[in-house]
Structures are given as structure tokens and as C-alpha cells.
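J.: Start counting the sequence shown at 1; every next residue gets the next number (the numbering used here). Got a structure for you, questions after.
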Amino acid sequence: MSRISFLNGQFLPHENCMVHIEDRGFQFADGIYEVTLFKNGRLIDGDPHIERLFRSLREMKIEHNFTKEFITQLQLDLFAKNNMSEGTCYIQITRGMANRVPWVPKNLTPTISATVSLGKKMTEEEFEKGVSIMTHEDIRWKRCDIKSVALFASSFINQKAKDSGFDDAIFVRDGVVTEGTFANAFIVDANDTLITKAADNLILCGITRNRMIAIAKEKGIKVEERNFSVAEMLNAKEVFLTSSSLILRPATKIDGNQIGNGKAGKISRILLEEYKKFIG
Ligand code: PDD
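Printed below as a string of C-alpha cells:
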């Protein structure tokens, strides 16, 4: 059976989901998206994802009439129609179609699309080994808090990392570590304090990030949301990335330097285990 996806009110075979060449998403990256994890018939942190989706729409002034109930149901229906009990849902909303003009036209009908995928599960060995990271200047725009589809800078640097023999990159702006190409970054210092950049316009305030912070606090782990430098990251006991698709991935080598003992650390393990309990 072909995958079923969603486009502008219709559930269609995936290969039939076509968008017009003058869609503003296609021409200007004038759109936003969300990626939500689905497990045991449940959207994981479904509400915060939808709240962030609406925030992104507000910040980009994309007019729409979507409701939280509609977006939730649409995602659940997609998993049901694809007979999936777990996976991820990608949902995207662009401003819609208009003749190509430099300004932002009003009263357009937004284009909404969604699709589901199984995703790749991380094995215990992959977790233990962690990933090798390269630091790179953060060349993105200064509204990284919006989950916009303008991801070329992230994709470009992610590929540059791979071409240079690394798994991924972590961005650095003015000496401050911001985040990964598609994930938030955390470090654990010598006192087992968990540190991640405070949410501002320079990072995406990750839903997994927020959940990990909440779990850490519940487990009595001290959390600081503040800037940290590359030097602090290289001296950390643990470094890890979080996102809805990665969940938690230790970074055990950065710019060729071993982090901690070169394997997944204690706090990373606790947080991943507790997160797994949370998602059931
Ligand atoms: N990306 N920062 C960036 C730049 C991201 O692209 C993502 C997620 C995150 C983590 O956010 P969350 O925990 O809400 O998934 C942080 C998604 C998964 C993607 O683009 O595929």
C-alpha cells in the first residue's frame, strides 16, 4: 500500500501530493513546520508542538483558520490511515500561492501538507558510541526561534560536516554555542549541572529540550539555561543533542577532541531512560 499523505484537506497517495510552482513556500521558504513523535497511539507532547506551530504562524504573520483540534486530528488520522502505531509526523504550512512579488501578499489561502514516516531507531551501541561533531559559525538568520522551512543553511552545514568526516555540526555565534543543525545542544559540567542555551531568537526552543529540562529537574539534577562557550563544551563531562526525531544523542567527539570518557555519559543515560518512560 502506498503511503497516504495530506494536502489541503485531502488524504492522497503520497506521490500525488503536488504543490503549485508559485507557492510562497517553494519560492520564498515562506512557511513553517513541525515534527512530532507518535508512540503507542499518542502524539508525544502534541499540545506544545501545536502551540509552537501557531506561534511560528503568528511570528511570520501567516493568516489561517486552523484550530488545535483540527491539527491534532489530522496527525492522528494520518497515522491511522497508514496503519502506524509509531513514527513521526511532518506538518507544514506555507502562506499559499501568489504571483511572485517581493512583499508579503495578504488574504492568501495557506497550503497545508502533512506526511508520516517511521524514523530510524537508535540502537544501544549507537547511543553508547555517540556522534562526532564539528563546530561551525552559525550562518543562519536571527529568527531561529521560528520553526521556518528556510533550512538551507542548516542542511548545507550538516552536509559540510558529513563531507568533512563528522556526523553533524553544532553552531557557534559570537563565541556562544547556539544549537545543532537540527537539534538543541546540552552540556553537563564537572558538578553534574545540566546547561543549555536560554531560549531566545538565536535557537529553536525545542519541545524535547523543554521535556528534558523538566525531567532533569524532577530527578534532582541542577539545570542552568545560559550561554556557554566552545571551551566550556570541550571541557564538559557530557555533551548531547535533543530533538523529536533524535530524542537524545550523545556527542562524544567534538572537533576531534574526546568528550568525557568518549562514551555516552551518566546524565545522558538517566534522561534518555526517563524520557522513554515518559513516552511509554
Ligand atoms: N528539528 N533546533 C533545531 C534547529 C531543530 O531543527 C530542531 C528540530 C530542534 C529540536 O526541536 P524539537 O525538540 O522540538 O524537535 C532544535 C526537527 C526534528 C527537524 O527539522 O526534523
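Glycine residues also receive a C-beta, built at the ideal position from the N, C-alpha and C atoms. This structure is a prediction, so every number in the text was calculated from the model and none was measured.
Select from Lys39, Pro13 and Met18 the residue whose C-alpha is nearest the C-alpha of Ile279.
T.: Lys39
J.: Would Arg95 be called buried (16 or more neighbouring beta carbons within 10 Å of its own) or exposed?
T.: buried
J.: Quick one: complete alpha helix (DSSP H) runs, 4+ long, within the stretch 100 to 169?
T.: Along the stretch 100 to 169, the alpha helix (DSSP H) occurs as fully enclosed runs of 4 or more residues at 124 to 129 and 152 to 163, listed in sequence order.
J.: With respect to the beta strand (DSSP E) encompassing Arg249, which residues constitute its N-terminal and C-terminal limits?
T.: Ile247 to Ile254
J.: Does the contact criterion of 3 or more C-beta pairs under 8 angstroms hold for the stretch 41 to 52 versus the stretch 68 to 77?
T.: The answer is yes - the stretch 68 to 77 touches the stretch 41 to 52, with three or more Cβ pairs under 8 angstroms.
J.: Taking a contact to mean a Cβ-Cβ separation below 8 angstroms, would you say Val223 touches Leu194 in this structure?
T.: yes
J.: From Asn201 to Lys129, what does the alpha carbon distance come to, in whole angstroms?
T.: 32 angstroms
J.: Ser243: beta carbon under 7 angstroms from a heavy atom of the ligand PDD?
T.: It does: the Cβ of Ser243 is within 7 angstroms (strictly closer) of some heavy atom of the ligand PDD.
J.: I'd like to check one pair, Val188 with Gly265: are the Cβ atoms closer than 8 angstroms?
T.: Yes. Within cutoff.
J.: If we ignore side chains and look at the alpha-carbon of each, how far apart do Lys307 and Glu232 end up?
T.: Given that the chain is displayed from residue 1 to residue 280, the structure contains no residue 307 and the question cannot be resolved.
J.: Reducing DSSP to helix, strand and coil, say where Asp23 ends up.
T.: Strand at Asp23.
J.: Along the chain, where does the alpha helix (DSSP H) that runs through Ala214 open and close?
T.: Ile207 to Glu218
J.: Can you grab the Cα-Cα spacing for the pair Leu234 / Asn257, in whole Å?
T.: Cα atoms of Leu234 and Asn257: separation of roughly 7 angstroms, rounded to the nearest angstrom.
J.: Assign Glu179 to one of three DSSP states: helix, strand, or coil.
T.: strand
J.: Report whether the distance from the Cβ of Glu51 to the nearest heavy atom of the ligand NAP is below 7 angstroms.
T.: In the structure shown, the ligand NAP is absent; the only ligands present are the ligand PDD.
J.: Rounded C-beta distance between Ser245 and Val35? I'm assuming under 8 angstroms.
T.: Right, the Cβ-Cβ distance comes to about 6 angstroms (below 8 angstroms), so this counts as a contact.
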